[in-house]
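Asks:
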Amino acid sequence: MEMEGPMKKDLPNARRIELLGILALVLFLAYSLLGLVLGIVVWVMANEKRKLFMDAPEDYTVASLRRVNVGRLCGVIAACVGIVALVTGILLRDVS
């Protein structure tokens, strides 16, 4: 059976983005600021790869887009919770 057209490839760094997103969540639990920074970095990296996929979806696999989305979601959660924790910490410090 012959395939028509070129084979699809994974988005660059899709697995790395997924792992860094998960790592951002884990690091947030131990080191809030590091998890926050890593979450923001992963969020930005994932947005770039999602744009790459949207520009040429016929070139990349959907599985790699899912990995990027998982990493992005973990990064967004780590960043948002990190910001809330940082603001809460600042406010509680001023109250004491």
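Heads up: the sequence shown begins at 1 in the working numbering, then just goes up one per residue.
Yeah, the Cβ is synthetic: ideal placement off N, Cα and C, and Gly gets one too.
In this text, all values refer to a predicted model and were calculated from it rather than measured experimentally.
(1) Skipping 5 residues on each side, what residues in its chain have a beta carbon closer than 7 Å to that of Leu-34?
(2) Distance check for Asn-69 and Pro-57, CA to CA, integer angstroms please.
(3) Bridge partners for Lys-9 per DSSP, in chain order?
(4) Assuming the contact rule is C-beta atoms closer than 8 Å, Gly-39 and Ala-78 should be a hit. Round their C-beta distance to whole Å, please.
(5) So the candidates are Ala-30, Val-37, Tyr-60; which of them puts its Cα closest to the Cα of Leu-80?
(6) Kindly indicate which residue of Asp-94, Arg-50, Pro-6 has the alpha-carbon position closest to the one of Leu-73.
(7) Who are the near neighbours of Arg-15 in its chain, counting only those whose CB is closer than 7 Å to its CB and skipping five residues on each side?
(8) Exposed or buried, what is Ala-100 when buried is set at 16 or more other beta-carbons lying within 10 Å of its beta-carbon?
(9) Do you know how far the Cα of Gly-71 is from the Cα of Leu-20?
(10) Tell me whether Met-3 sits in a helix, a strand or coil according to DSSP, three-state version.
Replies: Reading it off the structure:
(1) Residue numbering aside, residue 34 sits at position 34 when the sequence shown is read from its first letter. Within the same chain, Leu-34 has close Cβ partners Leu-27.
(2) Taking the sequence shown and counting its residues from 1, one reaches residue 57 at position 57. Taking the sequence shown and counting its residues from 1, one reaches residue 69 at position 69. For Pro-57 and Asn-69, the distance between alpha carbons rounds to 15 Å.
(3) If you number the sequence shown from 1, residue 9 lands on position 9. For Lys-9, which the question treats as bridged, DSSP gives the partners Tyr-60.
(4) Taking the first residue of the sequence shown as position 1, residue 39 is located at position 39. Taking the first residue of the sequence shown as position 1, residue 78 is located at position 78. The Cβ separation is near 3 Å, so the contact holds.
(5) On the sequence shown, residue 80 is found 80 positions in, with the first residue counted as 1. Residue identity check: residue 80 is Cys in the sequence provided, not Leu. Selected option, being the one with the closest Cα: Val-37.
(6) Taking the sequence shown and counting its residues from 1, one reaches residue 73 at position 73. Selected option, being the one with the closest Cα: Arg-50.
(7) Taking the first residue of the sequence shown as 1, we reach residue 15 at position 15. Cβ neighbours of Arg-15 beyond the five flanking positions: Arg-67.
(8) Residue coverage of the chain in this structure runs from 1 to 96, which leaves residue 100 outside it and unanswerable.
(9) If you number the sequence shown from 1, residue 20 lands on position 20. If you number the sequence shown from 1, residue 71 lands on position 71. So the alpha carbons of these two residues sit roughly 7 Å apart.
(10) Counting from one through the sequence shown, the residue named residue 3 turns up at place 3. Note that Met-3 scores a pLDDT of 48, beneath 50, so its modelled location is shaky; the value from the coordinates is reported in the next line. Of the three classes helix, strand and coil, the one that applies to Met-3 here is coil, per DSSP.
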